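S.K.: Before we start, here is the structure in question, set down as structure tokens.
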Amino acid sequence: MSLVKYNPNIQPLFNRFEDIFDIFDAFDPISRPTPSLSGPKTNVENIDGKHIISIATPGIDKDDLKVDIGDGRISISYDQESGDGSNSWIQKSFARSWNLPKNVNIDAISAAYDNGVLRVTVPKNEETVPIARRIEIV
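Count along the sequence shown from 1, add 28, and you get the number used in our numbering.
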């Protein structure tokens, strides 16, 4: 057995392995989990005609949470400075974002906050079947 000199420029296999999952973003980008070490627990469900994003945010007032849509992404964030800071046990600042698929109804996205859980509902549009017809040449 021989020793191999450490080279920090070579990325380990597990970093490259994550790139494989980028392929699936084309099919349904909102359902791909993103690793988070310090953010709140998050669950994304793909149910019949909608996506449901649930985030556990106990101890955070619903007025301090922000849900923004822009540039084909939905972002959920909390800034500790916007809270009163009296409770040191609650989640510090965080921000999570997801790419929105093209088949969602952006105008019908809604959010509800109940018992420390933020639920954002992202409804899908009805899938339209392209009409096939022959064009007559004049």
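Even for Gly, the Cβ is constructed at its ideal location relative to N, Cα and C.
Because the structure is a prediction, the values reported are computed rather than measured.
1) Based on Cα-Cα distance, which residue from Asn-133, Ala-139 and Tyr-141 lies nearest to Gly-100?
2) Which same chain residues end up closer than 6 angstroms to Ala-139 when comparing Cβ atoms and leaving out the 5 residues on each side of it in sequence?
3) Report the rounded CA-to-CA distance for Val-72 versus Lys-90, giving the unit in angstroms.
4) In terms of alpha-carbon separation, which member of Leu-146, Ile-102, Ala-136 and Lys-120 lies closest to Asn-127?
5) Tell me the DSSP secondary structure of Ser-110 in three-state form.
6) Could you check which residue in Ile-165, Gly-67, Lys-130 and Lys-69 has the C-alpha nearest to that of Glu-155?
7) Could you say which of Ser-82, Phe-122 and Glu-164 lies nearest to Asn-143 if we only look at CA atoms?
8) Should Ala-123 and Ile-97 be called a contact, given that it needs their Cβ atoms to be closer than 9 angstroms?
9) Counting only the same chain and skipping the five closest in sequence on each side, list residues whose C-beta sits under 7 angstroms from that of Gly-67.
10) Tell me which residues share the same chain as Ala-136 and place their Cβ nearer than 6 angstroms to its Cβ, disregarding the 5 neighbours each side in the sequence.
11) Can you name the start and end residues of the beta strand (DSSP E) that Ala-136 belongs to?
12) For Tyr-141 versus Thr-70, is the C-beta spacing smaller than 9 angstroms?
M.R.: In terms of the structure at hand:
1) For the purposes of this step, residue 100 is identified with residue 72 of the sequence shown, where counting begins at 1. The residue from Asn-133, Ala-139 and Tyr-141 with its alpha-carbon nearest to that of Gly-100 is Asn-133.
2) The count along the sequence shown starts at 1 and reaches residue 139 at position 111. The residues are Val-95 and Val-148.
3) Position 44 of the sequence shown, counted from the start, is the residue given in the question as residue 72. Position 62 of the sequence shown, counted from the start, is the residue given in the question as residue 90. Cα atoms of Val-72 and Lys-90: separation of roughly 19 angstroms, rounded to the nearest angstrom.
4) Translated into the one-based positions of the sequence shown, residue 127 becomes position 99. Comparing Cα-Cα distances from Asn-127 to each of Leu-146, Ile-102, Ala-136 and Lys-120, the minimum goes to Ile-102.
5) Start at 1 with the first residue of the sequence shown, and residue 110 comes out as number 82. Since pLDDT at Ser-110 reaches only 47, below the 50 mark, its modelled position is unreliable, and the value read off the structure follows with that caveat. Three-state result, Ser-110: helix.
6) To locate residue 155, count along the sequence shown from 1; it is residue 127. Here the closest residue by C-alpha is Lys-130.
7) Residue 143 sits at position 115 when you count from the first residue of the sequence shown. The alpha carbon of Asn-143 has as its nearest neighbour, out of Ser-82, Phe-122 and Glu-164, the alpha carbon of Ser-82.
8) The residue given as residue 123 occupies position 95 in the sequence shown. The residue given as residue 97 occupies position 69 in the sequence shown. Taking 9 angstroms as the cut-off, the beta carbon of Ala-123 is found no closer than this to the beta carbon of Ile-97.
9) Mapped onto the sequence shown, residue 67 falls at position 39. The beta carbon of Gly-67 lies closer than 7 angstroms to those of Phe-122 and Arg-124 in the same chain, with the five residues before and after it left out.
10) Counting from one through the sequence shown, the residue named residue 136 turns up at place 108. So the list reads Pro-151, once near-sequence residues are dropped.
11) Counted from its first residue, the sequence shown places residue 136 at position 108. First-last for Ala-136: undefined, no H or E at that position.
12) Taking the sequence shown and counting its residues from 1, the one referred to as residue 141 is at position 113. Taking the sequence shown and counting its residues from 1, the one referred to as residue 70 is at position 42. In this structure, Thr-70 does not lie closer than 9 angstroms to Tyr-141 by Cβ.
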